[in-house]
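Peer 1:
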Amino acid sequence: MKSFRMVVGLLVAVIFVFTFVAYAQEKAEKAAEKAAEKVDKADEKAAAKEEAPAVKPVAEKASAKDKETAEKEAAAEKAAEQADKEVKEGAKKKDVLEKAAALKEFKTFGELVKVAGLEETLKDKGPLTVFAPFDYAFAKMDLDALKKDKEKLAGILKMHVAEGKLTVADLKKAKEVKTLGGAVAVSVTKAGDVEVLSVGGVKVSSVSDVEATNGVLHAIEAVITKK
1 MKSFRMVVGL LVAVIFVFTF VAYAQEKAEK AAEKAAEKVD KADEKAAAKE EAPAVKPVAE
61 KASAKDKETA EKEAAAEKAA EQADKEVKEG AKKKDVLEKA AALKEFKTFG ELVKVAGLEE
121 TLKDKGPLTV FAPFDYAFAK MDLDALKKDK EKLAGILKMH VAEGKLTVAD LKKAKEVKTL
181 GGAVAVSVTK AGDVEVLSVG GVKVSSVSDV EATNGVLHAI EAVITKK
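Position 186, counted from 1, in the sequence shown is what my numbering calls 186; the numbers after and before it change by one each time, with no gaps.
(1) Which class does Gly182 belong to by DSSP, given the choice of helix, strand or coil?
(2) What separation, rounded to the nearest whole angstrom, lies between the Cα atoms of Ala145 and Leu153?
(3) Considering Cα atoms alone, identify which of Val210, Gly155, Gly117 is closest to Ile220.
(4) Taking the alpha carbon of Leu143 as the reference point, which residue from Leu112, Lys165, Thr167 has its own alpha carbon closest?
(5) Quick one: does the C-beta of Ala162 sit closer than 6 Å to a heavy atom of the ligand GTP?
(6) Just to confirm, are Ala101 and Leu157 a CB contact at a threshold of 7 Å?
(7) Using 7 Å as the threshold, is the C-beta distance between Ala162 and Thr179 below it?
(8) Roughly how many whole angstroms lie between the Cα atoms of Leu166 and Leu128?
(9) What is the C-beta distance between Val202 and Ala174, in whole angstroms, given that I count them as a contact (C-beta under 8 Å)?
(10) Please state whether the Cβ-Cβ distance between Leu197 and Val130 is less than 7 Å.
(11) Could you tell me if Val186 is buried or exposed, where buried requires 16 or more neighbouring beta carbons within 10 angstroms of its beta carbon?
(12) Excluding sequence positions up to five away, which residues of its chain have a Cβ less than 7 Å from the Cβ of Lys56?
(13) Do the CB positions of Ala212 and Asp124 come within less than 7 Å of each other?
(14) Please list, in chain order, all residues of the same chain as Gly215 whose beta carbon is under 7 Å from its beta carbon, the five residues on each side excluded.
(15) Leaving out five residues on either side along the sequence, give the residues of the same chain with a beta carbon under 7 Å from the beta carbon of Thr225.
(16) Return the residue from the list Gly181, Glu98, Lys114 that minimises the CA-CA distance to Lys148.
(17) Alpha helix (DSSP H) containing Phe134: first to last residue?
(18) Would you report the Cα separation of Phe134 and Phe106, rounded to the nearest angstrom?
(19) Counting only runs of 4+ residues fully inside the segment 97 to 145, write out the alpha helix (DSSP H) ranges in chain order.
(20) What separation, rounded to the nearest whole angstrom, lies between the Cα atoms of Gly181 and Val204?
(21) Can you give me the C-alpha to C-alpha distance between Ser206 and Lys104, rounded to a whole angstrom?
(22) Under the three-state reduction of DSSP, which class applies to Leu157: helix, strand or coil?
(23) Consult DSSP for Lys203 and reduce its assignment to one of helix, strand or coil.
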């Protein structure tokens, strides 16, 4: 009887030891899993931080592009509204320079024409074709330096004036236009179903074929420069 009790006691002790070891092993495995999860999360956060700077410039670039597009659309819309208003109100007839001033989105162009001493040229009986850049087109240019170099300024502005009356329809048939500053290329490309006319590599706006007493005015989205 005594030996039986000893055997039972030993079995109980063995079972207890195995149970304890199994429990300790399970706890250790769970602790290891949690530690591994923390390491993975830390790696994910570190990776996210490394990727964030690369994403930000892309977002900023897209935002800047959207802003530029919105600025162009707003300027064209204002000029178009003013052109329609002039027609409806039966405004007195104006030459190309006066017409540019009346449309209000070409103040910089008008100011530079006067500084360069080309005011009389644009008031000539013509006929003339004027490619007038919107005000925003001059934003990236050093206008103060340009105003001091009148010869260079006049050379740039002459590339925006051509003798003869050239409508959009006329321009689409041409390969180049002879401006007062030299010949510039003319091209027509497709943007979906819309034809895009460019003169000197610069897109002609929807504000075009604006009639004046001495010719016609076309609004353009950038400044034409010699290549």
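We put the beta carbon where it would ideally sit given N, CA and C, even for glycine.
Peer 2: In terms of the structure at hand:
(1) Locating residue 182 in the sequence shown gives position 182, where the first residue counts as 1. Looking at Gly182 - three-state DSSP - the assignment turns out to be strand.
(2) For the purposes of this step, residue 145 is identified with residue 145 of the sequence shown, where counting begins at 1. For the purposes of this step, residue 153 is identified with residue 153 of the sequence shown, where counting begins at 1. Their Cα atoms are separated by approximately 10 Å.
(3) Taking the sequence shown and counting its residues from 1, one reaches residue 220 at position 220. Ranking the options by Cα distance to Ile220, first place goes to Val210.
(4) Taking the sequence shown and counting its residues from 1, the one referred to as residue 143 is at position 143. Minimum Cα distance to Leu143 is reached at Leu112.
(5) Ligands displayed in this structure: none; no statement on the ligand GTP is therefore possible.
(6) Counted from its first residue, the sequence shown places residue 101 at position 101. Counted from its first residue, the sequence shown places residue 157 at position 157. No, they are not a contact pair.
(7) In the sequence shown, counting from the first residue as 1, residue 162 sits at position 162. In the sequence shown, counting from the first residue as 1, residue 179 sits at position 179. A contact, by the Cβ cut-off of 7 Å.
(8) Looking up residue 166 in the sequence shown gives position 166. Looking up residue 128 in the sequence shown gives position 128. The alpha-carbon atoms of Leu166 and Leu128 are separated by roughly 8 Å.
(9) Translated into positions along the sequence shown, residue 202 becomes position 202. Translated into positions along the sequence shown, residue 174 becomes position 174. With 8 Å as the limit, Val202 and Ala174 do not qualify as a contact, their Cβ atoms being about 15 Å apart.
(10) Translated into positions along the sequence shown, residue 197 becomes position 197. Translated into positions along the sequence shown, residue 130 becomes position 130. Not in contact: Leu197 and Val130 (Cβ atoms no closer than 7 Å).
(11) Working through the sequence shown from its first residue, we reach residue 186 at position 186. Buried.
(12) For the purposes of this step, residue 56 is taken as residue 56 along the sequence shown, with counting starting at 1. Because the pLDDT of Lys56 is 47, which lies under 50, any placement of that residue in the model is unreliable, and the number read from its coordinates should be weighed accordingly. Around Lys56: no qualifying Cβ.
(13) Your numbering for residue 212 matches position 212 in the sequence shown. Your numbering for residue 124 matches position 124 in the sequence shown. No, the Cβ-Cβ distance between Ala212 and Asp124 is not below 7 Å.
(14) Taking the sequence shown and counting its residues from 1, one reaches residue 215 at position 215. These residues qualify, in order along the chain: Val96, Gly126, Pro127, Leu128, Thr129, Val130, Lys165.
(15) Here residue 225 is taken as the residue at index 225 of the sequence shown, counted from 1. Ile156, listed in sequence order.
(16) Translated into positions along the sequence shown, residue 148 becomes position 148. Each of Gly181, Glu98, Lys114 was checked against the Cα of Lys148, and the nearest Cα belongs to Lys114.
(17) As a working mapping, residue 134 is identified with position 134 in the sequence shown. DSSP places Phe134 in no alpha helix (DSSP H); its state is neither H nor E.
(18) Locating residue 134 in the sequence shown gives position 134, where the first residue counts as 1. Locating residue 106 in the sequence shown gives position 106, where the first residue counts as 1. Annotation: Phe134 to Phe106 spans about 5 Å, alpha carbon to alpha carbon.
(19) 107 to 115, 119 to 122
(20) Along the sequence shown, one-based indexing puts residue 181 at 181. Along the sequence shown, one-based indexing puts residue 204 at 204. If you take the alpha carbons of Gly181 and Val204, they lie about 18 Å apart.
(21) As a first step, residue 206 is located in the sequence shown; it is residue number 206 there, counting from the start. As a first step, residue 104 is located in the sequence shown; it is residue number 104 there, counting from the start. Spanning the two alpha carbons is a distance of roughly 16 Å.
(22) One-based indexing of the sequence shown puts residue 157 at position 157. It is helical.
(23) The residue you call residue 203 lines up with position 203 of the sequence shown. Three-state DSSP puts Lys203 in a strand.
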